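Asker:
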Amino acid sequence: MRQFLAALRLEAASALPLSSILLRERCMAEKTTSKRIKRSSQLRGQRFITSIVLATAVLLGSLQLWYWALPALPDVLRPTLALIALLLLPGLALLRLLWPTALPLDLRWPLAVGLSCATLPLLLLFSELVGVAWNGSALWSLLAVCAVIAVLPRSHHGEPNDTTSDSSHLLLVGLTLITLLVRLYAARHLIVGQYGDSYHHTVIAQLISERGGLFRSWEPYEPFASFTYHFGFHSLVAALNWLGDVPVTRGVLIIGQVQSALAVPLIYLLTVRITQLRSAGLWAALLVAVVSSMPAYYLNWGRYTQLAGQTVLIAVCVIWMELLDRTREPSQRPALARLIGLTALSTAGLALTHYRVAVFAICFVAVYSVYLVLTPPHRPAALLRLVGYGALAGGAALLLTLPWLLRLYESSLLHIGSAALNNDIGNTLNNSVSADQLALSVKPYLVLLAALGVVLLLPRLGWRSLILPVWAGCTWLAANPQLLGLNGTGLISSFAVLIAAYLVLAPLAGSGLALLAQRFSGLFHGSSSQLLAFAAKQGQLLLAFGLLIWGIGWQSRIADPQFQLLTPADAAAMEWIRRSTSNDARFYVNSFLAYGDTVYAGSDGGWWLPFLSGRPSNLPNILYGIEAGSSPGMHQRVFRENEGIQDHPIGSPQAAQALRNAGFAYLYDGPSANPPDEYITVAQLDDSPYFEQVYSRDGVTIWRVR
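FYI, the numbering for the sequence shown is 13 to 718, going by our numbering.
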């Protein structure tokens with residue numbers, strides 16, 4: 013009975029607001045005995061020397077990265093300052109205005125980053141409603157105002173005097189910078205983002221940059237007349253263009269890799285908030301930095317919008333936790349009012365950043381709410397406050413996104429979603445994951461460490477240790493409602509959930525490592541065991557730096573050439589096309605059926621031709637499947653045109669006649685081929701009398717239709 017009551021007290025303590033948790037940690041730290049302080053001072057010098065030696069080893073193990081990065085520093089100074097201001101200042105200002113208490117620095121700036129990423133799409137949405145266009149000067153002015161707000165002193169709550177977070181913060185900053193360097197180095201040779209998604213991401217960001225905000229017409233790049241795609245990632249790329257004069261083609265890569273590196277501090281934030289263990293947060297950050305293949309591998313797919321959504325997602329989860337925790341305390345009404353505003357802003361920003369990731373957040377809020385309901389004390393009034401304040405925050409978020417929700421009627425997006433719910437498109441579109449995808453996304457050693465983390469957290473946190481695993485299960489069910497006998501399979505792909513598994517695996521695996529190390533160190537007591545205890549702690553450092561050196565090696569080579577559709581040879585060919593062909597010359601490029609044979613997609617650099625050369629082609633970006641066309645029947649016309657030509661072998665007279673009838677003057681074949689079985693090939697066209705080769709260089713071949 014005594015153990016049961018102790019467990020209940022532990023559950024209740026775990027559901028405290030973040031400020032209460034931090035206050036409790038400081039009080040416990042102040043009770044440290046003089047004996048422990050003395051022992052710590054004796055070892056501090058040895059640890060410092062060891063850290064310097066190991067840091068030197070890391071430096072020597074990644075000299076190639078430093079040789080690449082250091083000479084570029086003068087050229088990237090302005091974009092770097094722009095990025096720092098863009099990612100920190102809006103969030104810090106919001107935290108100063110709406111977060112009830114001051115936060116330690118190691119938790120404040122990661123939360124600010126997520127908030128900043130959520131704020132920009134909301135800014136663009138409401139700017140369009142009032143007719144305001146943005147540029148560099150206007151955005152710099154706004155950031156200056158944010159900086160002033162961020163440094164305003166608090167009248168009732170001073171800065172937290174949390175010395176226990178100092179070392180954690182230094183390690184976190186260092187790990188984040190190293191990860192950022194590795195991520196950028198991996199993309200150094202790319203001229204645009206990889207694979208198909210990068211194409212429409214680049215076009216959207218370019219249009220936002222040119223128009224100073226949101227748009228409807230995609231001219232001159234695409235024949236679309238609506239824009240209903242989520243746009244949080246693209247707003248950051250456009251903002252970097254306004255602030256730092258970074259070309260959008262380059263900005264897509266930079267923002268994508270920066271957000272990939274930001275998984276490090278954000279996973280740390282989530283882990284500390286769930287487990288209340290900074291050591292677990294550091295291990296989790298290390299795992300997501302250089303051990304897990306995700307999110308680093310997103311580079312190959314150009315899966316940047318989901319990554320942007322998951323950057324905001326962690327901030328949203330932490331803010332919802334704080335709001336729901338405070339509903340348990342009747343005296344928290346002033347704080348709750350501000351938190352409701354912050355929760356609504358961040359949730360609305362997430363909805364605009366990625367529709368599917370917003371469902372991940374809904375699942376998390378539901379799981380955390382159930383956890384609080386199960387956690388003592390069980391008071392009806394507390395339950396009513398939880399439901400009431402949660403509904404207020406959710407309703408406010410819905411109200412903020414209402415202008416965008418109404419805009420969705422302009423495209424076929426809602427129709428597609430309705431069809432999925434009514435007809436269960438999961439029966440026709442494959443929503444399973446392959447063994448290769450599973451092996452790439454979920455490493456067995458991370459799963460084992462995560463399971464260990466749950467086992468070790470259970471006696472420490474009780475039900476709280478199950479929040480992340482249950483969240484993962486709920487999200488999987490949201491992607492696979494057929495398991496519950498419901499329609500809607502395919503609205504959220506199983507693949508999207510799988511590649512987001514690092515959000516759960518890293519915190520749990522980090523907790524497993526931290527608690528295992530803690531137990532191992534606890535085996536040594538007394539002065540006779542000081543040397544062994546010291547060796548055990550240095551062993552943790554050696555393991556961490558060993559993982560870091562190993563991870564830097566393979567993650568710096570994570571870019572897979574098979575996903576590079578546009579090559580330097582394609583870029584040179586685009587320049588030739590601009591110089592040597594008329595503005596209205598139509599090009600036919602390689603395409604193939606994708607997404608359950610519902611749309612045509614590109615398989616090589618020719619897909620980029622309208623954007624980079626200004627010449628029309630047979631293949632718009634993939635969003636032609638959902639956006640409204642400049643003229644009726646665009647989707648059917650693109651489908652009919654590609655299908656009608658590909659019914660004939662490319663070198664045949666029938667294909668040449670079909671091309672002429674459709675108004676195509678040229679064929680384009682690039683050096684890439686993904687998938688490899690392309691329609692346009694040199695072997696079929698070299699001897700054909702119906703086509704004349706006019707360009708052949710470095711794997712790019714262009715023919716004129718005779």
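Yeah, the Cβ is synthetic: ideal placement off N, Cα and C, and Gly gets one too. Because the structure is a prediction, the values reported are computed rather than measured.
Using CA coordinates, which residue listed in VAL467, TYR241 and ARG627 is at the minimum distance from HIS213?
Answerer: For this step, residue 213 is matched to residue 201 along the sequence shown. Minimum Cα distance to HIS213 is reached at TYR241.
Asker: Is the separation between the beta-carbon of LEU98 and that of ALA251 shorter than 8 angstroms?
Answerer: Position 86 of the sequence shown, counted from the start, is the residue given in the question as residue 98. Position 239 of the sequence shown, counted from the start, is the residue given in the question as residue 251. Contact flag set, yes.
Asker: Start and end of the alpha helix (DSSP H) containing ASP448?
Answerer: Start at 1 with the first residue of the sequence shown, and residue 448 comes out as number 436. Residues 447 to 453.
Asker: Would you call the CB atoms of GLN271 and ALA508 closer than 8 angstroms?
Answerer: For the purposes of this step, residue 271 is taken as the residue at position 259 of the sequence shown. For the purposes of this step, residue 508 is taken as the residue at position 496 of the sequence shown. Cβ atoms of GLN271 and ALA508: not closer than 8 angstroms.
Asker: Could you have a look at GLN705 and say whether DSSP puts it in helix, strand or coil?
Answerer: On the sequence shown, residue 705 is found 693 positions in, with the first residue counted as 1. Correct three-state label for GLN705: strand.
Asker: Counting pairs of beta carbons, one from the segment 192 to 212 and one from the segment 76 to 94, are three or more of them closer than 8 angstroms?
Answerer: The segment 192 to 212 is in contact with the segment 76 to 94.
Asker: Here's the rule: buried if 16 or more other CB atoms are within 10 angstroms of the residue's CB, otherwise exposed. What is ILE96?
Answerer: Against the sequence shown, residue 96 aligns to sequence position 84. ILE96 should be labelled exposed.
Asker: Thinking C-beta only, is GLN449 closer than 8 angstroms to LEU510?
Answerer: Reading the sequence shown from its first residue, position 498 is the one you call residue 510. Reading the sequence shown from its first residue, position 437 is the one you call residue 449. Yes, Cβ-Cβ distance for LEU510 and GLN449 is below 8 angstroms.
Asker: Could you pull out every unbroken alpha helix (DSSP H) segment of at least 4 residues lying fully inside the segment 293 to 324, listed in chain order?
Answerer: The segment 293 to 324 contains these whole alpha helix (DSSP H) runs: 310 to 313.
Asker: Suppose contacts are defined by Cβ-Cβ distances below 8 angstroms. Is VAL706 in contact with ARG716 by that definition?
Answerer: As a first step, residue 706 must be located in the sequence shown, where it is residue number 694. As a first step, residue 716 must be located in the sequence shown, where it is residue number 704. Yes.
Asker: For PHE243, does the count of other Cβ atoms within 10 angstroms reach 16, so buried, or fall short, so exposed?
Answerer: What you label residue 243 is simply residue 231 of the sequence shown in a count that begins at 1. Label assigned to PHE243: buried.
Asker: Check LEU164 in the structure and name its three-state DSSP category.
Answerer: Position 152 of the sequence shown, counted from the start, is the residue given in the question as residue 164. Three-state DSSP puts LEU164 in coil, outside helix and strand.
Asker: May I ask you to report which of helix, strand or coil DSSP gives ALA606?
Answerer: By 1-based counting over the sequence shown, the position of residue 606 is 594. Three-state DSSP puts ALA606 in a strand.
Asker: For GLY400, is the classification buried or exposed, using 16 other Cβ atoms within 10 angstroms of its Cβ as the cut-off for buried?
Answerer: One-based indexing of the sequence shown puts residue 400 at position 388. So GLY400 counts as exposed.
Asker: CA-CA distance, PRO481 and ALA529?
Answerer: Position 469 of the sequence shown, counting from 1, holds the residue named residue 481. Position 517 of the sequence shown, counting from 1, holds the residue named residue 529. The straight-line gap from Cα to Cα measures roughly 22 angstroms.
Asker: Please list the terminal residues of the continuous alpha helix (DSSP H) segment that includes THR365.
Answerer: Here the question's residue 365 lines up with position 353 in the sequence shown. Note, THR365: alpha helix (DSSP H), 345 to 365.
Asker: Between the segment 547 to 556 and the segment 666 to 683, do at least 3 Cβ pairs fall closer than 8 angstroms?
Answerer: No, because fewer than three Cβ pairs between the segment 547 to 556 and the segment 666 to 683 fall closer than 8 angstroms, the two stretches do not touch.
Asker: Work out the CA separation of ALA484 and LEU189 for me, nearest whole Å.
Answerer: For the purposes of this step, residue 189 is identified with residue 177 of the sequence shown, where counting begins at 1. For the purposes of this step, residue 484 is identified with residue 472 of the sequence shown, where counting begins at 1. When rounded, the distance between both Cα atoms is 29 angstroms.
Asker: Measure how close the beta-carbons of ILE714 and ALA597 come, nearest whole angstrom, since I'm counting them as under 8 angstroms.
Answerer: If you number the sequence shown from 1, residue 714 lands on position 702. If you number the sequence shown from 1, residue 597 lands on position 585. Going by Cβ atoms, the distance from ILE714 to ALA597 rounds to 11 angstroms, so no, they are not a contact pair.
Asker: On the criterion of 16 or more Cβ atoms from any shown chain inside 10 Å, does THR92 qualify as buried, or is it exposed?
Answerer: If you number the sequence shown from 1, residue 92 lands on position 80. Label assigned to THR92: exposed.
Asker: Between which two residues does the beta strand (DSSP E) containing THR713 stretch?
Answerer: For this step, residue 713 is matched to residue 701 along the sequence shown. Where THR713 is concerned, the enclosing beta strand (DSSP E) stretches over 712 to 717.
Asker: Looking at VAL276 and ALA297, is the spacing between their C-beta atoms short of 8 angstroms?
Answerer: On the sequence shown, residue 297 is found 285 positions in, with the first residue counted as 1. On the sequence shown, residue 276 is found 264 positions in, with the first residue counted as 1. Yes. Within cutoff.
Asker: Alpha carbons only, please: which of PRO389, ALA518, ARG476 and GLY465 is nearest the one belonging to SER453?
Answerer: Taking the first residue of the sequence shown as 1, we reach residue 453 at position 441. Considering only alpha carbons, the answer is ALA518.
Asker: Counting pairs of beta carbons, one from the segment 640 to 649 and one from the segment 561 to 570, are three or more of them closer than 8 angstroms?
Answerer: Segments in contact, no.
Asker: Is CYS158 closer than 8 angstroms to LEU85 when the C-beta atoms are compared?
Answerer: By 1-based counting over the sequence shown, the position of residue 85 is 73. By 1-based counting over the sequence shown, the position of residue 158 is 146. Cβ atoms of LEU85 and CYS158: not closer than 8 angstroms.
Asker: Which residues in the same chain have their Cβ closer than 7 angstroms to the Cβ of TYR383, if we skip the five residues on either side of it in sequence?
Answerer: Reading the sequence shown from its first residue, position 371 is the one you call residue 383. Excluding residues within five positions, the ones whose Cβ falls inside 7 angstroms are TRP475, ARG476 and ILE479.
Asker: Between the Cα of ALA402 and the Cα atoms of HIS366, ARG350 and LEU426, which residue gives the shortest distance?
Answerer: Residue mapping note: residue 402 aligns to position 390 of the sequence shown, counting from 1. Ala is not the amino acid found at residue 402; the sequence shown has Gly there. Of HIS366, ARG350 and LEU426, the residue nearest in Cα terms is ARG350.
Asker: Of all the options SER247, SER149 and ARG166, which has the alpha carbon lying nearest to the alpha carbon of LEU136?
Answerer: Sequence index remark: in the sequence shown, residue 136 carries index 124 (1-based). Closest by alpha carbon: SER247.
Asker: Between which two residues does the beta strand (DSSP E) holding ALA613 run?
Answerer: Residue 613 sits at position 601 when you count from the first residue of the sequence shown. Start and end: 611 to 614.
Asker: Measuring alpha carbon to alpha carbon, tell me which of ALA114, TYR211, LEU119 and PRO116 ends up nearest PRO632.
Answerer: The residue given as residue 632 occupies position 620 in the sequence shown. The shortest C-alpha separation from PRO632 is found at TYR211.
Asker: Keeping to the same chain, check which residues put their C-beta closer than 7 angstroms to that of ALA124; ignore five residues upstream and five downstream.
Answerer: As a first step, residue 124 is located in the sequence shown; it is residue number 112 there, counting from the start. For ALA124, where only same-chain residues beyond five positions count, the Cβ hits under 7 angstroms are LEU100, GLY103, LEU104 and LEU107.
Asker: Find out if the Cβ-Cβ distance for the pair GLY321, LEU265 is shorter than 8 angstroms.
Answerer: Position 309 of the sequence shown, counting from 1, holds the residue named residue 321. Position 253 of the sequence shown, counting from 1, holds the residue named residue 265. Taking 8 angstroms as the Cβ cut-off, GLY321 and LEU265 do not qualify as a contacting pair.
Asker: Going by beta carbon distance, what residues of the same chain come within less than 8 angstroms of VAL379, once the five residues before and after it are set aside?
Answerer: Along the sequence shown, read from residue 1 onward, the residue named residue 379 stands at position 367. Within the same chain, VAL379 has close Cβ partners ILE479, VAL482, TRP483 and CYS486.
Asker: Would the segment 292 to 307 count as touching the segment 485 to 500 if we require 3 or more Cβ pairs under 8 angstroms?
Answerer: No, the segment 292 to 307 is not in contact with the segment 485 to 500.
Asker: Assign LEU525 to buried or exposed, taking buried as 16 or more other Cβ atoms, counted over all protein chains shown, within 10 Å of its Cβ.
Answerer: Taking the first residue of the sequence shown as 1, we reach residue 525 at position 513. Flag for LEU525 reads buried.
Asker: Taking only three categories from DSSP, how would you classify ASP681?
Answerer: Here residue 681 is taken as the residue at index 669 of the sequence shown, counted from 1. Three-state DSSP puts ASP681 in a strand.
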